[in-house]
Structures are given as C-alpha cells and as structure tokens.
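A.B. asks:
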Amino acid sequence: MKKGILVVIVLAFSTRSWASFERVEGIEKSEIDKVLVSPFDDNLIYVASGTILFKTNDGGVHWKKLFVGKENIDWVYLDSSYFDNLYLVCGRDLFRIQKDEVKRIFSLPPQRHTFFVAKERDTIYIGTDKGIYTVEETSGKGKKLSSFGDSQVYCLDFSSSYMYLASNQGVYVSSDRKSFKRVFIFNPGENKEDDFFSSPDNKKRYF
Numbered sequence: 020m021k022k023g024i025l026v027v028i029v030l031a032f033s034t035r036s037w038a039s040f041e042r043v044e045g046i047e048k049s050e051i052d053k054v055l056v057s058p059f060d061d062n063l064i065y066v067a068s069g070t071i072l073f074k075t076n077d078g079g080v081h082w083k084k085l086f087v088g089k090e091n092i093d094w095v096y097l098d099s100s101y102f103d104n105l106y107l108v109c110g111r112d113l114f115r116i117q118k119d120e121v122k123r124i125f126s127l128p129p130q131r132h133t134f135f136v137a138k139e140r141d142t143i144y145i146g147t148d149k150g151i152y153t154v155e156e157t158s159g160k161g162k163k164l165s166s167f168g169d170s171q172v173y174c175l176d177f178s179s180s181y182m183y184l185a186s187n188q189g190v191y192v193s194s195d196r197k198s199f200k201r202v203f204i205f206n207p208g209e210n211k212e213d214d215f216f217s218s219p220d221n222k223k224r225y226f
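All the letters of the sequence shown, read from the start, carry residue numbers 20 to 226 under our numbering.
1. Runs of 3 residues minimum, wholly inside the segment 72 to 114: which ones carry the beta strand (DSSP E) assignment?
2. Mind reading off the beta-carbon distance from Ile92 to Leu72? Whole number of angstroms is fine, and I expect it under 8 Å.
3. Are the beta-carbon atoms of Thr75 and Gly110 separated by less than 9 Å?
4. Phe125 and Leu113 - do their beta-carbons sit closer together than 9 Å?
5. According to the neighbour-count rule (16 or more other Cβ atoms, all chains shown, within 10 Å of its Cβ), is Val80 buried or exposed?
6. To the nearest angstrom, report how far apart Val66 and Leu55 are at their CA atoms.
7. Find out if the Cβ-Cβ distance for the pair Thr70, Lys83 is shorter than 9 Å.
8. In the DSSP assignment, find the beta strand (DSSP E) that holds Lys149 and state where it starts and stops.
9. Let me know the secondary structure DSSP gives Lys223 once reduced to three states.
10. Among Asp195, Ser68, Phe59, which one has its Cα closest to the Cα of Glu139?
11. Leaving out the 5 sequence neighbours to the left and right, which residues in its chain are closer than 6 Å to Lys163 when beta-carbon positions are compared?
Printed below as a string of structure tokens:
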C-alpha cells in the first residue's frame with residue numbers, strides 16, 4: 020500500500036513540474052545543443068541545434084535562422100560586454116555575429132577540434148585539442164600560444180588579474196596571458212579509489 024501511495028505522489032509531482040513547460044514552435048530540429056539568454060534582454064535567446072543557430076527577440080514566440088553551417092556548431096560564446104554580439108565556431112572557422120550580421124574572422128589549422136571559446140577585452144581565446152589560439156577582435160589576426168604547447172584545453176576563465184585554464188594536463192594560471200604555471204594536477208589511478216589530486220607546489224595529495 021505504501022509503495023502505491025509513493026508512486027502516486029511521484030507521478031503527481033512530475034505532472035505538476037512539467038505542467039509549466041510548453042513546446043517551442045519554430046525550431047525544426049529536436050536535438051538542442053545549447054541555449055543562451057542575453058544578459059541584456061531576457062527575450063533575446065539563441066539556440067544551437069546541429070548546424071543551425073536560431074534566434075528569438077520575443078522570448079520564443081517567433082524564431083528565425085541566424086546561421087546555417089556546413090558542419091555542426093562546436094561552440095557558441097555570447098558576449099557579455101556588447102548587446103547582440105556572439106562568437107561561433109563551426110568546423111575550423113570562427114564567426115562573429117553582431118546584430119544578425121555574420122562574418123568569418125578566423126580559421127583554425129586543419130584537424131583541430133574546439134572545446135571552448137572565451138573572450139577578455141578585445142581578445143578571443145579558443146581552446147582546442149592542440150593548445151590555445153588567440154584572435155584579435157578588431158583585426159581578426161590569430162595565432163597559437165606556443166608557450167602553452169599542445170595540451171587539450173577544456174575551459175578558460177578570467178578574474179581581474181589572472182587567467183585560469185583547465186586542460187588534460189591539469190589546471191594552469193597566468194597573470195600575463197603568455198606564461199603559465201600549473202597549480203593543480205589530477206592523477207587517475209587504475210582503480211577509482213586510487214585517483215587523487217595534487218598541488219605541484221606543496222606535493223600534497225587530495226583524495
């Protein structure tokens with residue numbers, strides 16, 4: 020009897036929780052890869068689905084195709100400094116989309132996969148499976164940060180003074196965006212209980 024009551028409660032809760040969701044019309048594909056809401060306007064929303072980037076200005080009532088690529092969209096970065104400005108990586112190419120105008124500003128070397136895109140001031144950072152690339156927004160000039168090497172870069176973040184970077188070789192920090200110091204390492208063991216984190220400075224192990 021108790022099990023029956025529990026099932027009814029769970030079903031009732033699930034029904035109520037889903038009741039506030041409505042199916043979004045106007046987006047052709049069902050597989051949604053990324054949803055981005057503008058920090059300036061809650062009604063301005065971008066949705067990446069396969070090779071297509073959709074946009075709505077009215078909170079999802081009407082949608083339009085903003086971008087259609089030849090390959091799947093790898094990453095979308097929404098600029099928090101400028102209204103209606105974003106960066107998109109599709110295959111090897113980095114695009115800037117500003118107020119619906121699409122412009123390719125940089126192309127990565129062949130056989131590169133993008134994991135992450137971030138921006139600080141006027142510099143765009145692209146984390147790939149073969150290191151970091153930087154692109155100047157105004158000129159479109161890009162280069163690889165040779166000082167970091169070919170490690171896979173999964174994530175980038177910034178504070179007022181430092182850049183933090185997560186890679187397959189650990190976590191790095193940089194104050195000048197040129198030289199990097201590793202501050203955290205993950206060492207996987209053969210068994211899960213053998214996994215540990217450590218700091219290169221004090222050699223401590225954190226299980």
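Positions of the beta carbon are idealized from the N, C-alpha and C atoms, including for glycine.
C.D. replies: Taking the definition as stated:
1. 83 to 87, 92 to 97, 104 to 109
2. 6 Å
3. no
4. yes
5. exposed
6. 6 Å
7. no
8. Neither: Lys149 is in no beta strand (DSSP E) and is coded neither H nor E.
9. Below a pLDDT of 50, predicted positions are generally treated as unreliable, and Lys223, at 43, falls in that range; no measurement from the model is reported.
10. Asp195
11. Gly150, Tyr152
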